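In our numbering, the protein residues as written are 311 to 808.
Here the structure comes first, spelled out in structure tokens, and everything after it is commentary.
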Amino acid sequence: MNSNKLALMMLGGFLILSGCVKEEPAEVRTDQTMMNHDEMEDGMSHGEMEGHMSHDEVMQLKDSTGENELIVPPVLERNIDGDVTYTVRAQKGETQIFNGSKTKTYGYNGTFLGPMLQFTKGETIKIRTINELDQETTFHWHGLEVAADADGGPHDALQPGEERVIEFKVTQEAATLWFHPHPHGNTADQVYNGLAGLIFIEDENSKHLNVPDDYGKNDFPLIIQDKLFDENHQLNYREARNEDGTIGDTLLINGTVNPKLTVEKEKVRLRIVNGSNARNYTLKLNSGDSFVQIGTDGGFLNEPVTVQEVTLTPSERAEIVIDFQAIDATSDLALVNEDGSVLLPFDISHSNGVASELSTQLNDFTLTAEEKNLPVNKTVELFGMMDHVTINGKKFDPDRIDFTQEQGVTEVWEIYNKPDIMGGMIHPFHIHGAQFKIISRDGAAPPENEQGWKDSIAVHPDETVKIAIQFKNKGLYMFHCHILEHEDNGMMGQVLVE
Ligand SMILES: [Cu+2]
311 MNSNKLALMM LGGFLILSGC VKEEPAEVRT DQTMMNHDEM EDGMSHGEME
361 GHMSHDEVMQ LKDSTGENEL IVPPVLERNI DGDVTYTVRA QKGETQIFNG
411 SKTKTYGYNG TFLGPMLQFT KGETIKIRTI NELDQETTFH WHGLEVAADA
461 DGGPHDALQP GEERVIEFKV TQEAATLWFH PHPHGNTADQ VYNGLAGLIF
511 IEDENSKHLN VPDDYGKNDF PLIIQDKLFD ENHQLNYREA RNEDGTIGDT
561 LLINGTVNPK LTVEKEKVRL RIVNGSNARN YTLKLNSGDS FVQIGTDGGF
611 LNEPVTVQEV TLTPSERAEI VIDFQAIDAT SDLALVNEDG SVLLPFDISH
661 SNGVASELST QLNDFTLTAE EKNLPVNKTV ELFGMMDHVT INGKKFDPDR
711 IDFTQEQGVT EVWEIYNKPD IMGGMIHPFH IHGAQFKIIS RDGAAPPENE
761 QGWKDSIAVH PDETVKIAIQ FKNKGLYMFH CHILEHEDNG MMGQVLVE
């Protein structure tokens, strides 16, 4: 290990909090554990520390007690007057997350998180965006295929008090997308404090499929986010911040602490959004029962894929269907994380739900032989950790165009996660303004549940992924690591689509 690296490690006292999988030699791990132990003593009790030591250095989430029914984000009403469809305000406020105390938070059209916006493929949407924060922000529509001037990247900052109307046509298929801020160097803070909302796109296909779609009844979004609250139940981002990705010990789902979900004995669809700054989750049922995944980031899979678990890195989405009629769970059924921590206990209502069939054909997604055989047009190398993160050896420069691509032309991007001396970490790689197809992971076809539209992809250390991507619209788009602190630290580039 060279001295620079060691110095970096010494500075990075909170490395242990990282949500990213570290693959590194055992002796390094021991050193880190000891260092972090010292560093964290003053901030936490010894008992808490022990819990954080286990599970491969990732702070374990506290089990949900299930005392609070899951909050379902409201559906945003469309504007009645004028031609603007929706008005979305970024604002700050106080939210009662914990009984008897108020947490300072940010939200869209409310004090924490945001509402759900519904688009139908083919319609034109106009959104009035208003910044009521006391700092600049942007409104980024994650996964939406829109022209760059409507995308809400860091070049589209709204100053406090400013507003802007954006307009676009919805050209993509049914999917669960989300929106969040993207201000230059300050995304992590704003998302952490609560700025995140949902977009559901419907289309003719989705309307005719047999999939649960009764919002709040058998069709639930789950925005999963881990937070670290201080003793006053405040988020205190500056204290919690980790340059390698801020991790917390408390999971909020749709802003609900200690959530539970009451369901009928029927098929229930969960649209899961990893809205965390940095944590990766592998979700499964504590009973060991399987379930089906029906959707990826950008649409339906061709058919339901039976899985035991689903892994989501930051910004990835998965739609799953759990059949509570088929599962023989009399008690204690819960969605749990890989390490067994209880994320969402289910309360299965005694009344019988509706027996329903799930469509066996959901979509017509194809990766053509032509696409598979295209030459590689662009190579992307992800590298580093903490503040030393780069793409192709460079940090983000808003005045530099890294790539150009022709509108409507499919290109192959090859993305490589270069390990460092400590092994490296997963970087969730996201591209704005387009949905892409995964051609391969290390030369092999992606797993069945990744054979669908994606806008974010987990790239493991020393892994090479190939994707086929086409931009329908023009302009300057970001591509970046979706560990929000990495993004803010410059792990981002720009592609100009002409
Ligand atoms: Cu990263």
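Even glycine gets a Cβ: it sits at the ideal position worked out from N, Cα and C.
Fair warning: this is a prediction, and the values are worked out from it, not measured in the lab.
Work out the CA separation of E514 and V521 for me, nearest whole Å.
Position 211 of the sequence shown, counted from the first residue, corresponds to residue 521. Position 204 of the sequence shown, counted from the first residue, corresponds to residue 514. The alpha-carbon atoms of V521 and E514 are separated by roughly 13 Å.
Please return the same chain residues whose Cβ sits closer than 6 Å to the Cβ of D697, not counting the five positions on each side in sequence.
Within the sequence shown, the letter at position 387 stands for residue 697. For D697, where only same-chain residues beyond five positions count, the Cβ hits under 6 Å are E553, N799.
Within a Cβ cutoff of 7 Å, which residues of the same chain sit near F539, ignoring the five residues on either side of it in sequence?
The sequence position of residue 539 within the sequence shown is 229, counting from 1. The residues are L545, T560.
Just checking H796 against ligand 1 - is the residue's beta carbon closer than 7 Å to any of the ligand's heavy atoms?
If you number the sequence shown from 1, residue 796 lands on position 486. Yes.
Taking DSSP's pairing of strands, which residues face G803 in a bridge?
Here the question's residue 803 lines up with position 493 in the sequence shown. DSSP, once it has assigned bridges, lists F789 as partnering G803.
Mind checking whether I476 and A498 have CB atoms under 8 Å apart?
Taking the sequence shown and counting its residues from 1, one reaches residue 476 at position 166. Taking the sequence shown and counting its residues from 1, one reaches residue 498 at position 188. Taking 8 Å as the Cβ cut-off, I476 and A498 do not qualify as a contacting pair.
Should the stretch 753-760 be regarded as contacting the stretch 717-734, the criterion being three or more beta carbon pairs within less than 8 Å?
Taking 8 Å as the limit for Cβ pairs, the verdict is that the stretch 717-734 does not touch the stretch 753-760.
Could you check whether the Cβ of V805 sits closer than 7 Å to any heavy atom belonging to ligand 1?
In the sequence shown, residue 805 corresponds to position 495, counting from 1. False, no ligand heavy atom lies under 7 Å from that Cβ.
Report all residues from its chain with a CB closer than 6 Å to the CB of G361; omit the five preceding and five following residues, and keep chain order.
The residue you call residue 361 lines up with position 51 of the sequence shown. Because the pLDDT at G361 is just 30, under 50, the model does not fix this residue reliably, and the value given afterwards should be weighed accordingly. So the qualifying residues of the chain are Q370.
May I have the straight-line CA-CA distance separating C791 from N662, to the nearest angstrom?
Numbered from its first residue, the sequence shown carries residue 791 at position 481. Numbered from its first residue, the sequence shown carries residue 662 at position 352. Distance between the alpha carbons of C791 and N662 is about 44 Å.
At a cut-off of 7 Å, is M801 close to ligand 1 when judged by its beta-carbon and the heavy atoms of the ligand?
Working through the sequence shown from its first residue, we reach residue 801 at position 491. It does: the Cβ of M801 is within 7 Å (strictly closer) of some heavy atom of ligand 1.
Leaving aside the five residues before and after P493 along the sequence, list all residues of the same chain whose C-beta is less than 7 Å from its C-beta, in chain order.
Position 183 of the sequence shown, counting from 1, holds the residue named residue 493. If we look at P493 and ignore the five residues flanking it on each side, its Cβ neighbours are E446, T447, T448, P464, A467, Q500.
Terminal residues of the continuous beta strand (DSSP E) containing Q535?
As a first step, residue 535 must be located in the sequence shown, where it is residue number 225. Per DSSP, Q535 belongs to the beta strand (DSSP E) from 529-537.
Is I793 a contact residue of ligand 1, with contact defined as CB to any heavy atom under 7 Å?
Taking the sequence shown and counting its residues from 1, the one referred to as residue 793 is at position 483. Correct: I793 has its Cβ closer than 7 Å to ligand 1.
Is E334 helix, strand or coil by DSSP?
Walking along the sequence shown from the start, residue 334 turns up at place 24. With a pLDDT of only 39 at E334, under the threshold of 50, the placement of this residue in the model should not be trusted; the figure read from the coordinates follows. Coil, per DSSP.
Inspect the CB distances between the stretch 698-705 and the stretch 659-679 and report whether three or more fall short of 8 Å.
Because the criterion of three Cβ pairs below 8 Å is not met, the stretch 698-705 and the stretch 659-679 do not touch.
In whole angstroms, what separates the C-alpha of M363 from that of K436?
Residue mapping note: residue 363 aligns to position 53 of the sequence shown, counting from 1. Residue mapping note: residue 436 aligns to position 126 of the sequence shown, counting from 1. With a pLDDT of 32 at M363, under the threshold of 50, the modelled position of this residue cannot be trusted; read the value that follows with caution. Cα-Cα distance, rounded: 49 Å.
Any contact of the stretch 665-681 with the stretch 602-620, i.e. 3+ C-beta pairs under 8 Å?
Short answer: they touch.
So what's E541 in DSSP terms, helix, strand or just coil?
Position 231 of the sequence shown, counted from the first residue, corresponds to residue 541. Three-state result, E541: coil.
Could you tell me if the beta carbon of H660 falls within a distance shorter than 7 Å of some heavy atom in ligand 1?
The sequence position of residue 660 within the sequence shown is 350, counting from 1. Not so, every heavy atom of ligand 1 lies at least 7 Å from the Cβ.
Any idea what DSSP makes of S516, helix, strand or coil?
Along the sequence shown, read from residue 1 onward, the residue named residue 516 stands at position 206. Helix at S516.
Can the beta-carbon of M802 be found less than 8 Å from the beta-carbon of F713?
What you label residue 802 is simply residue 492 of the sequence shown in a count that begins at 1. What you label residue 713 is simply residue 403 of the sequence shown in a count that begins at 1. Not closer than 8 Å, so no.
Ligand 1 heavy atoms versus the CB of H737: any closer than 7 Å?
To locate residue 737, count along the sequence shown from 1; it is residue 427. True, at least one ligand heavy atom lies under 7 Å from that Cβ.
So, helix, strand or coil for N389, using DSSP?
Here the question's residue 389 lines up with position 79 in the sequence shown. N389: coil per DSSP, three-state reduction.
Would you mind sorting I731 into buried or exposed? The rule is 16 or more other CB atoms within 10 Å of its CB.
In the sequence shown, residue 731 corresponds to position 421, counting from 1. I731 is exposed by the Cβ-count criterion.
In the DSSP assignment, the alpha helix (DSSP H) including L454 goes from what residue to what residue?
If you number the sequence shown from 1, residue 454 lands on position 144. That residue, L454, is in no alpha helix (DSSP H); it is neither H nor E in DSSP.
Taking the straight line between their C-alpha atoms, what separation do you get for Y591 and I534?
The residue labelled residue 591 in the question sits at position 281 within the sequence shown. The residue labelled residue 534 in the question sits at position 224 within the sequence shown. Their backbone Cα atoms lie some 9 Å apart in a straight line.
Inspect the CB distances between the stretch 584-598 and the stretch 632-646 and report whether three or more fall short of 8 Å.
Contact between the stretch 584-598 and the stretch 632-646 is present, because at least three Cβ pairs lie under 8 Å.
How far does the alpha helix (DSSP H) with H465 in it reach, from first residue to last?
Here residue 465 refers to the residue found at position 155 of the sequence shown. Element bounds for H465: n/a, residue is neither H nor E.
Cα-Cα, which of V578, N673, F746, K688 is closest to H518?
The residue you call residue 518 lines up with position 208 of the sequence shown. Of the candidates V578, N673, F746, K688, the one whose C-alpha sits nearest the C-alpha of H518 is N673.
Is the stretch 689-696 touching the stretch 726-743, taking contact as three or more C-beta pairs under 8 Å?
The stretch 689-696 vs the stretch 726-743: in contact.
Between P685 and the rest of its own chain, which residues show a CB-CB distance below 8 Å, the 5 nearest in sequence each way excluded?
For the purposes of this step, residue 685 is taken as residue 375 along the sequence shown, with counting starting at 1. V722, listed in sequence order.
Can you grab the Cα-Cα spacing for the pair D657 / G376, in whole Å?
If you number the sequence shown from 1, residue 657 lands on position 347. If you number the sequence shown from 1, residue 376 lands on position 66. In a straight line, the C-alpha of D657 is about 9 Å away from that of G376.
Using a Cβ distance threshold of 8 Å, determine whether the stretch 609-628 contacts the stretch 564-573, with at least three qualifying pairs required.
These segments do not touch.
Just the C-alpha distance for S355 and Y418, rounded to the nearest angstrom, thanks.
Here residue 355 is taken as the residue at index 45 of the sequence shown, counted from 1. Here residue 418 is taken as the residue at index 108 of the sequence shown, counted from 1. For S355, the predicted model reports a pLDDT of 35, less than 50, meaning its position is unreliable; a value from the coordinates is still stated below. Whole-angstrom Cα-Cα distance: 35 Å.
Under DSSP, the beta strand (DSSP E) around E283 begins and ends at which residues?
Any answer about residue 283 is impossible in this case: the structure gives the chain only from 311 up to 808.
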